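These notes concern the structure reproduced below.
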Amino acid sequence: MTGARALLLGLLLATPALADDPAPPINDAAACRAAGGRWQRTDEVEGCRLRRKPEGYWRFFGKDDLGARYLKARALMKAGKLDGPHDEYYPNGRLRIRGQNANGEETGQWTGYHPGGQLAFEVEWLDGERHGKLTEWYTNCQRSTAGEYTKGKKSGAWSRWYVNGRLQSTGEYTDDLRTGTWAFYHRDGPKLREGPMVADKEHGTWTEYSLTGQKWREVEFIDGQRQGEYPLACTARGGTWDVDHAERVDGCLVDEVRVGRWFGYYGDGAKQWEADFNGGVPDGEWIDYHPTGEILHHGEYADGTPKGRHAWVDPKGKVYGQSFINGGTGEWTAFYPDGKKKEEGHYAQGRRNGIWRFYFADGGIDREETWADGQRNGPTRSWFQGGDLKVEGEYSSGRRHGVWTAYYANGRIAWQGTYDQGARVGDWQLNHWENFPESRGIFESDEKSGVWTEWYNNGNKKAEGPFEDGLKNGEWTEYWYSGEKWRTVTYEHGVDGDPARQECEARDGEWQIDPEKRQVGCEICRPTDEGPPAPVRVGPWTWWHPNGQLERHGEYEQGQREGQWQALYDNGQAMVEGIWSGDIESGGFSG
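Numbering (my numbering), first residue to last: 22 to 612.
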């Protein structure tokens with residue numbers, strides 16, 4: 022029995038009882054008295070009692086965050102037991118759960134909803150236990166879980182998804198425990214690992230993959246413990262063996278800090294490097310490998326700084342180059358497997374110093390930085406791989422300082438502004454790819470402040486108004502994509518003052534503003550059997566004429582027109598108005 026059901030029955034059984042003949046379904050005090058019963062009403066429950074037992078429809082009440090009383094549940098009782106329709110509600114009045122009871126137990130399909138009205142779950146019950154299919158959804162109507170229960174326990178095939186709709190995991194359960202082959206996936210789609218589970222633990226040979234989809238390697242597990250010298254040593258020291266499928270690295274983390282031996286891999290699974298870490302920085306041996314397995318580079322690190330001789334060689338042992346760092350000081354050059362430079366710079370007393378350059382694998386320059394005492398200090402530039410300038414600016418004591426400019430690959434300025442010790446200050450500009458301005462305004466202490474102006478990508482003004490502490494605050498003027506004025510709206514600490522928008526956000530909906538069609542309203546979603554979720558209009562929707570006058574407005578619920586609707590001419594006079602119910606004209610039309 023669920024907690025909610027136990028609470029409902031507890032409220033009933035804790036109240037006094039009267040007697041007489043049943044006559045279900047009883048739904049109000051008059052029907053209760055006609056049946057010879059007595060209507061019971063408290064702040065928490067109301068319903069009829071016959072022969073000392075609850076009978077007919079009972080209502081259960083709660084209080085919202087403001088202390089207001091609301092209908093929490095409505096359920097049919099027979100001879101003191103839940104038997105028949107069962108509905109539960111949110112404080113906003115929307116349905117939360119709908120199902121059926123039989124002889125005091127849940128039975129058949131139960132359906133749950135998110136506070137905004139989106140479908141949350143569907144599950145089958147039998148004799149008070151989950152038995153049959155279960156499907157759960159996120160508020161964006163992407164499936165989150167699908168599986169089956171057998172007498173209250175997970176069984177058979179189960180799958181879980183990320184909120185973006187990508188598969189997260191798939192496998193089978195037996196008596197609530199994962200068994201057989203399971204596969205786990207990255208939120209962007211690629212499979213990460215696959216292997217056998219025994220009694221809810223990894224056990225046997227598992228295959229791991231890189232984010233490119235290539236097979237990375239095979240690893241052994243026993244009772245959920247990854248095997249191998251280094252993973253076992255990591256567990257023994259109280260650490261966690263971390264596997265980064267994106268970067269293709271793994272090693273031991275203790276309190277989220279790298280310690281012990283760490284490894285990096287090429288896309289085909291071949292070892293790319295291995296190194297000793299202490300306190301999160303290289304400390305000890307470091308070895309880089311060629312894709313074919315030969316040693317590319319070997320050297321030592323001390324507290325994050327190269328130590329002694331470091332040499333890079335081709336697969337046959339011919340030296341590409343070498344660096345000597347003695348006492349933390351010396352010139353440093355590292356190389357890619359084909360002999361092209363990877364990075365070059367100078368160490369002074371264990372810290373980077375002077376000009377450092379980093380290169381792409383094709384030999385082109387990636388970025389150039391100025392360092393002093395181990396911090397970026399001075400001019401810096403970075404480039405796109407094709408050679409065009411990407412970003413330029415300066416650092417001071419490791420923080421951005423002075424004027425910075427970023428460019429699109431087409432050479433146009435993406436953004437430009439001033440930093441003061443890492444914080445954006447003064448005049449800033451952001452631009453669209455097409456070279457039209459996107460926004461202009463002032464930053465104070467890294468937050469937007471004062472009047473800002475925004476533009477569409479066609480060059481027309483989009484909006485203008487004040488920011489305070491990085492949030493829109495005060496009166497804003499907003500425009501349609503075509504350039505005509507749309508409205509004047511007041512924001513409070515970043516929140517649109519429009520009650521319809523606030524209601525939309527409360528429903529986890531998407532506030533839709535179409536500047537070309539000049540329409541505004543809220544959409545939630547509905548799951549579909551195939552393909553992406555379907556958008557569903559809810560709440561107030563409004564359309565405008567090109568001259569800014571209202572064109573029509575009204576409300577939707579679950580995609581259907583409900584209540585009063587009105588259409589107007591572009592001079593503001595009413596054209597037609599009337600009432601809709603279930604998307605059907607319901608009467609009261611005039612005009």
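The beta carbon of each residue, even a glycine, is placed where N, CA and C say it ideally should be.
Here the structure is a predicted model, which is why all the values come from computation and not from measurement.
Beta-carbon to beta-carbon, Arg-181 and Thr-166 are separated by about 5 angstroms, close enough to satisfy the 8 angstroms threshold.
Within its own chain, the residues whose Cβ lies closer than 6 angstroms to the Cβ of Thr-474, once the five positions on either side in sequence are excluded, are Arg-461 and Glu-485, listed in chain order. Ala-254 and Gly-281 do touch by the CB rule: their CB atoms are close to 7 angstroms apart, below 8 angstroms.
Taking Asp-104 as reference, the option from Lys-84, Gly-83 and Pro-75 with the minimal CA-CA separation is Pro-75. Taking C-beta separations shorter than 6 angstroms and ignoring five residues to either side along the sequence, the partners of Ala-382 in its chain run Tyr-357, following chain order. Along the length of the region 229–254, whole beta strand (DSSP E) runs at least 3 residues long occupy 236–243, reported in chain order. Here the C-alpha atom of Val-334 lies approximately 36 angstroms from the C-alpha atom of Asp-276. With fewer than 16 neighbouring CB atoms inside 10 Å of its own CB, Ala-51 falls in the exposed class. A direct Cα-to-Cα measurement between Arg-80 and Tyr-183 gives close to 37 angstroms.
Ranked by Cα distance from Tyr-380, the options Trp-392, Gln-396, Gln-406 and Gly-438 are led by Gln-406. In the DSSP assignment, no residue is bridged to Tyr-357.
Comparing C-alpha distances from Lys-172 to each of Asn-185, Asn-161 and Val-144 shows the shortest one belongs to Val-144. In this structure, the alpha-carbon of Gly-338 lies about 39 angstroms from that of Gly-225. When the five nearest sequence neighbours on each side are left out, the beta carbons in the same chain lying within less than 6 angstroms of the beta carbon of Arg-214 are those of Phe-205, Trp-227 and Glu-229, in order along the chain. Note on geometry: alpha-carbon atoms of Pro-561 and Glu-415 lie some 50 angstroms from one another. A Cβ-Cβ distance of about 7 angstroms is found for the pair Gly-133 and Arg-117, placing them in contact under the 8 angstroms criterion. Note on geometry: alpha-carbon atoms of Gly-201 and Glu-241 lie some 15 angstroms from one another. The C-beta separation of Trp-146 from Glu-127 comes to about 4 angstroms, placing the pair in contact by the 8 angstroms criterion. DSSP places Glu-455 in the coil class of the three-state scheme, outside both helix and strand. The beta carbon of Trp-404 is closer than 8 angstroms to those of Gly-385, Ile-386, Asp-387, Arg-388, Leu-410 and Lys-411 in its chain, skipping five residues each way along the sequence.
Listed in chain order, the beta strand (DSSP E) elements of length 3 or more contained wholly in the region 71–156 are 74–84, 90–99, 102–110, 116–123, 126–134 and 140–147. Within the model, the alpha-carbon separation for Gly-515 versus Gly-495 is close to 9 angstroms. In the structure shown, the three-state DSSP call for Ala-50 is helix.
When the Cα atoms are used, Lys-482 and Leu-140 turn out to be separated by approximately 39 angstroms. For Cys-525, the enclosing alpha helix (DSSP H) has its first and last residue at 520–527.
In the DSSP assignment, Gly-225 forms a beta bridge with Phe-242. The continuous beta strand (DSSP E) containing Pro-556 extends over residues 555–565. Secondary structure note for Ser-466: it is in no beta strand (DSSP E), with a DSSP letter that is neither H nor E.
Selection His-319, Thr-313, His-566 and Asp-289 evaluated against Glu-295 yields His-319 as nearest (Cα-Cα). In the displayed model, Ala-55 falls within a helix according to three-state DSSP. Its Cα nearest to that of Ser-607, the residue Gln-585 stands out among Asn-592, Asn-113, Val-597 and Gln-585. Between Asn-347 and the set Gly-371, Asp-359, Arg-420 and Tyr-341, the nearest pair of CA atoms involves Gly-371.
Taking Gly-101 as reference, the option from Gly-530, Gly-83 and Asn-124 with the minimal CA-CA separation is Asn-124. Assigned with DSSP and collapsed to three states, Thr-256 falls in helix.
Bounds of the beta strand (DSSP E) holding Arg-547 are 540–547. For Ser-417, the enclosing beta strand (DSSP E) has its first and last residue at 410–417.
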